[in-house]
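Position in the sequence shown (from 1) plus 2 gives the number in our numbering. We treat Cβ as the ideally placed atom computed from N, Cα and C, and that holds for glycine. The structure presented is a predicted model; accordingly, all values stated were derived computationally and were not measured.
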Amino acid sequence: MAVYKRPHSLLDVSMHFCPGCTHGIVHRLVCEVIDEMGIEGDTVGICPVGCSVTSYDYFGVDMIEAAHGRAPAVATGVKRSRPDKFVFTYQGDGDLAAIGTAETVHAATRGENITIIFINNTIYGMTGGQMAPTTLPGQVTQTTPFGRDPLTAGYPVRVCELLSTLTGTAYAERVAADSPAHIAAAKKAIRKGFEVQQNKQGFSIIEVLSTCPTNWGMTPVQAMERLRTEMIPYYPLGVYKDITAEK
Numbered sequence: 003m004a005v006y007k008r009p010h011s012l013l014d015v016s017m018h019f020c021p022g023c024t025h026g027i028v029h030r031l032v033c034e035v036i037d038e039m040g041i042e043g044d045t046v047g048i049c050p051v052g053c054s055v056t057s058y059d060y061f062g063v064d065m066i067e068a069a070h071g072r073a074p075a076v077a078t079g080v081k082r083s084r085p086d087k088f089v090f091t092y093q094g095d096g097d098l099a100a101i102g103t104a105e106t107v108h109a110a111t112r113g114e115n116i117t118i119i120f121i122n123n124t125i126y127g128m129t130g131g132q133m134a135p136t137t138l139p140g141q142v143t144q145t146t147p148f149g150r151d152p153l154t155a156g157y158p159v160r161v162c163e164l165l166s167t168l169t170g171t172a173y174a175e176r177v178a179a180d181s182p183a184h185i186a187a188a189k190k191a192i193r194k195g196f197e198v199q200q201n202k203q204g205f206s207i208i209e210v211l212s213t214c215p216t217n218w219g220m221t222p223v224q225a226m227e228r229l230r231t232e233m234i235p236y237y238p239l240g241v242y243k244d245i246t247a248e249k
């Protein structure tokens with residue numbers, strides 16, 4: 003008797019992600035939610051440049067490729083033209099919080115009825131490991147070889163905290179992909195984001211703290227430990243805004 007199987011909306015292909023990368027975990031969670039809600043035929047995903055650039059090979063739903071940082075803008079156009087569809091973006095930190103900052107903030111402040119899945123691994127992954135907006139103070143990257151110095155490079159952007167201050171944001175939660183309990187909580191948050199959209203309540207974002215063993219120069223096990231001991235203290239998990247709980 004099968005107790006665990008591949009979600010139908012997750013295509014049966016090998017993924018290109020590095021060993022220890024948590025993108026595959028989050029892909030599965032998104033697809034489990036899509037299957038459980040019965041919305042596979044009514045879902046449109048938007049993926050921009052970055053490690054998620056080939057997500058159209060993995061998600062068995064309609065997918066649109068957006069220019070770097072522009073996924074929320076593309077998602078806005080799709081949702082406004084087809085409000086009956088479930089529209090989500092799948093974005094990394096360099097994409098969402100650097101080149102795409104304006105699109106993200108303004109989609110949120112307009113209260114666009116879309117769901118954003120935000121992967122925060124504190125580094126640019128696909129392009130070689132440069133400093134990202136979320137890179138922690140002291141973190142070594144290709145462009146901060148002596149560690150990120152806030153005096154010259156500024157401080158990391160806490161995206162959920164930032165977007166939770168905007169009236170148009172309906173739901174913002176930060177989760178992690180480092181343990182069974184946290185992964186279960188991440189799935190619950192992703193489902194909540196889709197349900198907020200289903201109920202036409204506005205903009206939702208689920209930030210997932212993730213690993214990048216390759217560009218961190220760590221083994222998968224070491225990367226998971228770093229997520230727990232360094233990232234979670236700086237980026238506390240939890241719900242930052244939920245208008246459904248306020249009523």
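Other residues of its chain near E232: CB distance less than 7 Å, five sequence neighbours each side excluded: Start at 1 with the first residue of the sequence shown, and residue 232 comes out as number 230. Within the same chain, E232 has close Cβ partners L138.
Contacting residues, own chain, Cβ-Cβ under 6 Å from P152 (five flanking each side not counted): Locating residue 152 in the sequence shown gives position 150, where the first residue counts as 1. Contacts found: P139.
Counted within 10 angstroms of its Cβ, other Cβ atoms place R160 as buried (16 or more) or exposed: Position 158 of the sequence shown, counting from 1, holds the residue named residue 160. The residue is buried, with at least 16 neighbouring Cβ atoms inside 10 Å.
Residue span of the alpha helix (DSSP H) that contains T117, given as start and end: Residue numbering aside, residue 117 sits at position 115 when the sequence shown is read from its first letter. For T117, no alpha helix (DSSP H) encloses it; the enclosing beta strand (DSSP E) starts and ends at T117 to N122.
Whole-angstrom C-beta distance between I192 and I119, which should lie under 8 Å: The residue labelled residue 119 in the question sits at position 117 within the sequence shown. The residue labelled residue 192 in the question sits at position 190 within the sequence shown. Right, their Cβ atoms sit about 7 Å apart.
CB of I116 within 7 Å of CB of H70, strictly: Locating residue 116 in the sequence shown gives position 114, counting from the first residue. Locating residue 70 in the sequence shown gives position 68, counting from the first residue. When the beta-carbon positions are compared, I116 and H70 stay at least 7 Å from each other.
Alpha carbon of A172 to alpha carbon of S57, nearest angstrom: Here the question's residue 172 lines up with position 170 in the sequence shown. Here the question's residue 57 lines up with position 55 in the sequence shown. In a straight line, the C-alpha of A172 is about 26 Å away from that of S57.
C-alpha gap between C214 and I234, whole angstroms: Translated into the one-based positions of the sequence shown, residue 214 becomes position 212. Translated into the one-based positions of the sequence shown, residue 234 becomes position 232. Looking at the two C-alpha atoms, the distance is approximately 15 Å.
DSSP state of G240 mapped onto helix, strand, coil: Taking the sequence shown and counting its residues from 1, one reaches residue 240 at position 238. Note: G240 maps to strand in three-state DSSP.
Cβ shell of M17 (< 7 Å), same chain only, five flanking positions each side left out: The residue labelled residue 17 in the question sits at position 15 within the sequence shown. Contacts found: G26 and Y60.
Through-space distance from A4 to Y126, alpha-carbon basis: Taking the first residue of the sequence shown as 1, we reach residue 126 at position 124. Taking the first residue of the sequence shown as 1, we reach residue 4 at position 2. Rounded to the nearest angstrom, the gap between the Cα atoms of Y126 and A4 is 38 Å.
R30 (DSSP reduced to helix, strand or coil): As a position in the sequence shown, residue 30 is number 28, starting the count at 1. Helix at R30.
Exposure label - T143; buried when at least 16 CB within 10 Å: Numbered from 1 along the sequence shown, position 141 holds the residue referred to as residue 143. By the Cβ neighbour-count rule, T143 is buried, with 16 or more other Cβ atoms within 10 Å of its own.
Endpoints, alpha helix (DSSP H) assigned at G195: If you number the sequence shown from 1, residue 195 lands on position 193. Unbroken alpha helix (DSSP H) run through G195: P182 to Q200.
Runs of alpha helix (DSSP H) wholly within the stretch 72–116 (minimum 4 residues, chain order): Within the stretch 72–116, the runs of alpha helix (DSSP H) at least 4 residues long that lie entirely inside it are, in chain order, 73–83 and 103–111.
Counterpart residues of D64 in DSSP-defined beta bridges: Walking along the sequence shown from the start, residue 64 turns up at place 62. The bridge partners DSSP lists for D64 are V46.
From T103, R84 and P74, residue whose alpha carbon lies closest to that of T91: Residue 91 sits at position 89 when you count from the first residue of the sequence shown. Answer by Cα proximity: P74.
Cβ contact check for the stretch 28–47 and the stretch 8–15: 3 or more pairs under 8 Å: As far as the Cβ criterion goes, the stretch 28–47 touches the stretch 8–15, which means the pair count is three or higher.
Cut-off 6 Å between Cβ atoms - residues of its own chain near C162, not counting five sequence neighbours on either side: Here residue 162 is taken as the residue at index 160 of the sequence shown, counted from 1. So the list reads A174, R176, E209 and Y242, once near-sequence residues are dropped.
DSSP three-state assignment for T171, whether helix, strand or coil: If you number the sequence shown from 1, residue 171 lands on position 169. Here T171 sits in strand by DSSP.
Span of the alpha helix (DSSP H), counted from its first residue to its last, around L12: The residue labelled residue 12 in the question sits at position 10 within the sequence shown. For L12, there is no enclosing alpha helix (DSSP H), as DSSP marks it with neither H nor E.
Exposure of P158, with buried meaning 16 or more beta-carbon neighbours within 10 Å: As a working mapping, residue 158 is identified with position 156 in the sequence shown. Classified as buried, P158 has 16 or more neighbouring CB atoms from the shown chains inside 10 Å of its CB.
Beta-bridge partners of I207, as assigned by DSSP: The residue given as residue 207 occupies position 205 in the sequence shown. Residue pairing for I207: DSSP places it in a beta bridge opposite I118 and A174.
Top-ranked residue by Cα proximity to G43, from T24, V28, D64 and C23: Reading the sequence shown from its first residue, position 41 is the one you call residue 43. When only C-alpha atoms are compared, the closest one is D64.
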